[in-house]
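A.B. asks: Chains as they are written, first to last, in the numbering used here: chain A, 1022 to 1162; chain D, 1022 to 1162. Before I ask anything, here is the structure I am working with.
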DNA sequence: ATTTATACGCACCAAAAGGAGAGTATCAGA
DNA sequence: TCTGATACTCTCCTTTTGGTGCGTATAAAT
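Put into structure tokens, the structure is as follows:
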């Protein structure tokens, strides 16, 4: 994986880099890990998916659509996503309050990136379950 | 996202499904969520990356390569990945013990699926940091 | 005889994640 | 006047996650 994405996402190689082995700057690596840890989170992924599917949504609509999320986690995750530039939060100064959330372009691009993982999960559900059964059987024997 | 992956990973549409809106069976959705939650985990992703890069590795080699993982988490995550069919664990009956880990085809395919996310993270590091700074500024004002 | 290396399992503890429920401001409608 | 709706925040509590240190079998090396 290292090899695959290192080249593709970086600026083109410069001459001075020629002899340097395929190792990423550890600081960059740390940042990437932090970012992935942040973003590859259950709630973030569900919100991302819901907003991608439904477009612009209000707080309680999101809550209902996701169904399994608590208010606390929803607020928390939305704030974090807003902070990271993944969603835009629009407050309408009315009463009762009205707040709408929608994906930014950055958010949409992340959704697209995760698409491969969703596809993988759907395509390999059965295989994983077979593996689990096989593992249980082997454990008994 | 729903729309994108629903069609691509499922069996071709049958006639009786024509009028059914683009909604996934909630049980399947729950399974997919569980599986993604399982697999989109920090340690799993790091082990996946390391094994993809280095091929077959022993326990302590993995531990050293990842650097920040505790023995407990390494064992735990490796077991889980083995259970899910992502890695193959080979025990050599020698003393001191020798155990080698390598990715299965399923594991490799997951690595490939995550590739998009790694690329996204690398490509958008700067943008996320700008967004964070902007958010802080806005919070102060 | 003692140390070393390997790949763990186990017990204990700290930190983080997450859920439940109550509280808040405000206005519209019954 | 009382209720309801909205989008939260705050506190308290439980669950999960993760780290640390210790123990173990065994043969080779010192």
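Positions of the beta carbon are idealized from the N, C-alpha and C atoms, including for glycine.
How many whole angstroms separate the CB atoms of residue 1132 of chain D and residue 1063 of chain A, which I take to be in contact at a CB cut-off of 8 Å?
C.D. replies: Not quite, the Cβ-Cβ distance comes to about 20 Å (not below 8 Å), so this is no contact.
A.B. asks: Quick one: which residues of the segment 1138–1162 of chain A get their C-beta closer than 7 Å to a C-beta of chain D? List them in chain order.
C.D. replies: Listed by position, the residues of the segment 1138–1162 of chain A near chain D (Cβ gap below 7 Å) are 1138, 1139, 1140, 1141, 1142, 1143, 1144, 1145, 1146, 1148, 1149, 1152, 1153, 1156.
A.B. asks: Quick one: Cα of residue 1069 of chain A to Cα of residue 1115 of chain D, how far?
C.D. replies: 49 Å
A.B. asks: Where does the unbroken beta strand (DSSP E) through residue 1089 of chain A begin, and where does it stop?
C.D. replies: Where residue 1089 of chain A is concerned, there is no enclosing beta strand (DSSP E), given that its DSSP letter is neither H nor E.
A.B. asks: Leaving out the 5 sequence neighbours to the left and right, which residues in its chain are closer than 8 Å to residue 1124 of chain A when beta-carbon positions are compared?
C.D. replies: 1069, 1072, 1073, 1107, 1108, 1109, 1132
A.B. asks: Let's test the definition: count the other Cβ atoms within 10 Å of the Cβ of residue 1160 of chain D and tell me whether it reaches 16, buried, or not, exposed.
C.D. replies: exposed
A.B. asks: Could you tell me whether the Cβ of residue 1057 of chain A comes closer than 8 Å to any Cβ of chain D?
C.D. replies: yes
A.B. asks: Out of A:1104, A:1048, A:1049, point me to the one whose CA is closest to residue 1065 of chain A's CA.
C.D. replies: Minimum Cα distance to residue 1065 of chain A is reached at A:1104.
A.B. asks: So what does residue 1111 of chain A bridge to, in DSSP terms?
C.D. replies: A:1121
A.B. asks: Should residue 1134 of chain A go down as buried or exposed, given a rule of 16 or more other Cβ atoms within 10 Å for buried?
C.D. replies: buried
A.B. asks: Can you tell me the Cα-Cα spacing of residue 1102 of chain A and residue 1146 of chain D, whole angstroms?
C.D. replies: 14 Å
A.B. asks: Per DSSP, residue 1079 of chain D is paired with what?
C.D. replies: D:1121
A.B. asks: Would you mind working out which of D:1076, D:1111, D:1093, D:1096 sits nearest residue 1120 of chain D, comparing C-alpha positions?
C.D. replies: Out of D:1076, D:1111, D:1093, D:1096, D:1111 has the C-alpha closest to the C-alpha of residue 1120 of chain D.
A.B. asks: Cα separation between residue 1126 of chain D and residue 1085 of chain D?
C.D. replies: Residue 1126 of chain D and residue 1085 of chain D have their alpha carbons spaced roughly 24 Å apart.
A.B. asks: Rounding to the nearest angstrom, what Cα-Cα distance links residue 1113 of chain A and residue 1158 of chain D in this structure?
C.D. replies: 21 Å
A.B. asks: Quick one: using the 10 Å Cβ neighbour count with 16 as the cut-off for buried, is residue 1098 of chain D buried or exposed?
C.D. replies: Counting of Cβ neighbours within 10 angstroms places residue 1098 of chain D among the buried residues, the total reaching 16 or more.
A.B. asks: How would you write the range of the alpha helix (DSSP H) that residue 1128 of chain A sits in, first residue to last?
C.D. replies: Start and end: 1126–1161.
A.B. asks: Within 8 Å (strictly less), CB to CB, does residue 1084 of chain A reach chain D?
C.D. replies: no
A.B. asks: Would you check if the distance between the CB atom of residue 1128 of chain A and the CB atom of residue 1137 of chain D is smaller than 8 Å?
C.D. replies: no
A.B. asks: Beta-carbon separation of residue 1067 of chain A and residue 1087 of chain A under 8 Å?
C.D. replies: yes
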